[in-house]
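Numbered per the numbering used here, the sequence shown spans residues 809 to 1099. Where is the CB? At the ideal position from N, CA and C, for every residue including glycine.
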Amino acid sequence: MKIRKAVFPVAGLGTRVLPATKAMPKEMLTIVDRPLIQYVFDEAREAGIEHFVFVTGRNKGAIEDHFDRQFELDETLKARGKKAEMDLLAQFQPKAGAVSFTRQQAPLGLGHAVWCARDIVGDEPFAVVLPDELVLNTPGCLKQMIQAAEQLGPKSNIVAVEAVPDDMTHNYGICGVGKRSGNIFEIDGMVEKPAKGTAPSNLSITGRYVLQPEIFHILETQERGAGGEIQLTDAMIGLSKSQAFHGLEFEGERHDCGSRAGFLRANIAFAMARDDLRDGLRADMQKYLKA
């Protein structure tokens, strides 16, 4: 099962980290020295994705500009002999025609955002990657999922899952666990934000999906669910009646960068993973721990 396209829903307002996101897309908030959106783009590219589809909204033009070539900057760096900086920008530059943008004109939920990409994705399986969730690992989470997809049937859907505390399951989409093979298992049920004490497991659905195109037909008529939004989980529940769903307990450390605490933790974790930053950061943190 070849996965060529990935959808990035980036129309959200980022209200959990206001006022930082009042005038800046939350996806452009910086983790160490690059924006969130660059990390998930690189994760998708590592996984073999060839076409990157961004579902944007108002005031998100900075995302499109980030993936475009900035002629003035390139020429200035060239004139100043900044070869290292030029090479760095070239490393992050997508190929011409590999990036598409479409609009979600109203904040109707994740399911609606994915549906907005239907004409670009077409009739082929695709990935969905939520940009405010980062996974620190090599290989990346999406590559692990696509490798798992190669082991499964041609009409299989895969969801990345992570264990959460039992008393927190009501805050997440939760899946039931069927037949297991290693870190991959058959999903025998899904529920969006179950009432306390009713969750089928403690495995939460995270921000990485591999889905079949039939999901678009369900999303087209999907009624609003939790929060008054069109929920992707509800559409997956519908699709699971005719197609297999599997969960993957991925390797890596997940960071919810849409929250203040998660954003700070991600900066520390990704900086500590860098040979050029680790020692200095460790020394600085010791100063604050003593304060």
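Going by C-alpha positions, N1075 is about 10 Å away from A1069.
In this chain, the beta strand (DSSP E) harbouring K987 covers 981-989.
Inter-residue distance for A814 and A1052 is about 20 Å (C-alpha atoms, whole angstroms). Taking 8 Å as the cut-off, the beta carbon of V929 is found closer than this to the beta carbon of P1021.
By the criterion of at least three beta-carbon pairs nearer than 8 Å, the segment 971-989 is in contact with the segment 998-1016.
Annotation: the continuous alpha helix (DSSP H) that includes M953 extends over 949-957.
Between the beta-carbon of F860 and that of A852 there is about 6 Å, and that keeps the pair under the 8 Å contact cut.
Counting of Cβ neighbours within 10 angstroms places Q955 among the exposed residues, the total staying below 16. The alpha carbon of L1047 has as its nearest neighbour, out of F849, L1027, K891, the alpha carbon of L1027. Between G856 and V969, the C-beta gap is not smaller than 8 Å, which leaves the two residues out of contact.
Under the three-pair Cβ rule at 8 Å, the segment 826-840 counts as touching the segment 869-888. The three-state secondary structure of A904, taken from DSSP, is coil. Distance from the CA atom of L881 to the CA atom of R1082, rounded to whole angstroms, is 26 Å. Distance from the CA atom of S1050 to the CA atom of M998, rounded to whole angstroms, is 14 Å.
The DSSP assignment places complete beta strand (DSSP E) segments of no fewer than 3 residues inside the segment 958-1041 at 965-971, 981-989, 992-1000, 1011-1019, in order along the chain.
K963 counts as exposed, since fewer than 16 other C-beta atoms from the protein chains shown sit within 10 angstroms of its C-beta. As a beta-bridge residue in DSSP terms, A935 pairs with A814, V1018. P902 and I811 do not touch by the CB rule: their CB atoms are close to 17 Å apart, not below 8 Å. Closest option to L821, judged by alpha-carbon separation, among M809, E994, P939, E854: P939. For L944, the enclosing beta strand (DSSP E) begins and ends at 941-944. When the Cα atoms are used, A1043 and G865 turn out to be separated by approximately 22 Å. Judged by beta-carbon spacing, L897 lies beyond the 8 Å limit of A1077, meaning their Cβ atoms are not closer than that value.
Counting along the chain, E872 sits inside the alpha helix (DSSP H) bounded by residues 869-874.
Per DSSP, the beta bridge partners of V863 are P817, T910.
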